[in-house]
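In the numbering used here, the protein residues as written are 963 to 1184. First up is the structure itself, then whatever we jot down about it.
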């Protein structure tokens, strides 16, 4: 029996998908639609926590304004129609081309809100050789002390564990950026499913491995 013939794949632009002009764009009741930012979209100002000599460009300010709306669950932008399914999305895809400043835009989003110790940190997963680049970008664009960078899942878990031991106040907030390599994520995930804890080693000889409750994890709902 011969192999099934593979279907050819054609790459199309967003303009070809939604139409090249307003008159030919898809209607609101189509089964799928691609939201995008026009050049006339509102702009957010460069955050005060950014270094004054490195302000955001106009396209970054437009993206920042939209992301802040999504973070605030603004109904005018959060609801998209995918066929018969309506839902409120609190995420998105910043799909600017290489070199357009996506890193700076994301850092601007982090520092655009006041520091809140009751909120969780920001997790960034990337190939391990890019983590140092992210740390350098924080130092380049953001004023000192505005973003707390934690490199590695192990270091983050140590901070969480130490807070429980000494009863101190949370040093983790919405201004915390946790940088984790893909390799570490894969290894810790595999070890967790085998042993029910993130790492085999004890933290600083305190006699308490870094445990994660499997039942609580399974019951987690987004």
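Backbone N, C-alpha and C fix where the C-beta goes; we use that ideal spot for every residue, glycine too. These figures come from a predicted structure and were not determined experimentally.
{"Asked": "According to DSSP, is residue 1110 helix, strand or coil?", "Found": "strand"}
{"Asked": "Keeping to the same chain, check which residues put their C-beta closer than 6 Å to that of residue 1065; ignore five residues upstream and five downstream.", "Found": "1099"}
{"Asked": "Near residue 1063, which residues of its chain fall below 6 Å by C-beta distance, leaving aside the five closest residues on each side in sequence?", "Found": "1022"}
{"Asked": "Return yes when the Cβ of residue 1053 is within less than 8 Å of the Cβ of residue 1089, no when it is not.", "Found": "no"}
{"Asked": "Would you check if there are 3 or more beta carbon pairs closer than 8 Å linking the stretch 1103 to 1111 to the stretch 1005 to 1023?", "Found": "yes"}
{"Asked": "Tell me the rounded alpha-carbon separation between residue 1139 and residue 1111.", "Found": "5 Å"}
{"Asked": "By a C-beta neighbour count over all protein chains shown, 10 Å radius and 16 as the cutoff for buried, is residue 1151 buried or exposed?", "Found": "exposed"}
{"Asked": "Return the first residue and the last residue of the alpha helix (DSSP H) that residue 1065 is part of.", "Found": "1064 to 1073"}
{"Asked": "Got a sec, what are the start and stop residues for the beta strand (DSSP E) residue 1084 sits in?", "Found": "1084 to 1088"}
{"Asked": "I'd like the list of long-range same chain contacts for residue 1004, defined as Cβ closer than 6 Å, with 5 residues on each side in sequence excluded.", "Found": "1027"}
{"Asked": "Going along the chain, which residues of its own chain have a beta-carbon closer than 8 Å to the beta-carbon of residue 1196, five neighbours each way excluded?", "Found": "Outside the shown range of the chain (963 to 1184) lies residue 1196, about which nothing can therefore be said."}
{"Asked": "Along the alpha helix (DSSP H) that carries residue 1093, what are the first and last residues, could you check?", "Found": "1093 to 1103"}
{"Asked": "I need the boundaries of the beta strand (DSSP E) containing residue 1001, first residue and last residue.", "Found": "Unbroken run through residue 1001: none, as it is neither H nor E."}
{"Asked": "Compute the Euclidean distance between the alpha carbons of residue 1067 and residue 1124, then round it to the nearest angstrom.", "Found": "32 Å"}
{"Asked": "Distance check for residue 1141 and residue 1114, CA to CA, integer angstroms please.", "Found": "6 Å"}
{"Asked": "Does residue 993 pass the burial test, meaning 16 or more other C-beta atoms within 10 Å, or should it be called exposed?", "Found": "Confidence is the limiting factor: at residue 993 the pLDDT is only 38, short of 50, which leaves the residue's position unreliable, though a coordinate-based value still follows. Residue 993 should be labelled exposed."}
{"Asked": "Apart from the five residues on each side of it in sequence, which residues of its chain come closer than 8 Å, Cβ to Cβ, to residue 1121?", "Found": "1112, 1133 and 1134"}
{"Asked": "Terminal residues of the continuous beta strand (DSSP E) containing residue 1207?", "Found": "In this structure the chain extends from 963 to 1184, so residue 1207 is not present and cannot be described."}
{"Asked": "Considering only the alpha carbon of each residue, which of 1136, 1020, 1014 and 1108 lies closest to residue 1080?", "Found": "1136"}
{"Asked": "If the criterion is Cβ atoms closer than 8 Å, does the pair residue 1109 and residue 1073 meet it?", "Found": "yes"}
{"Asked": "Answer with buried or exposed for residue 1024, where buried requires no fewer than 16 other C-beta atoms within 10 angstroms of its C-beta.", "Found": "buried"}
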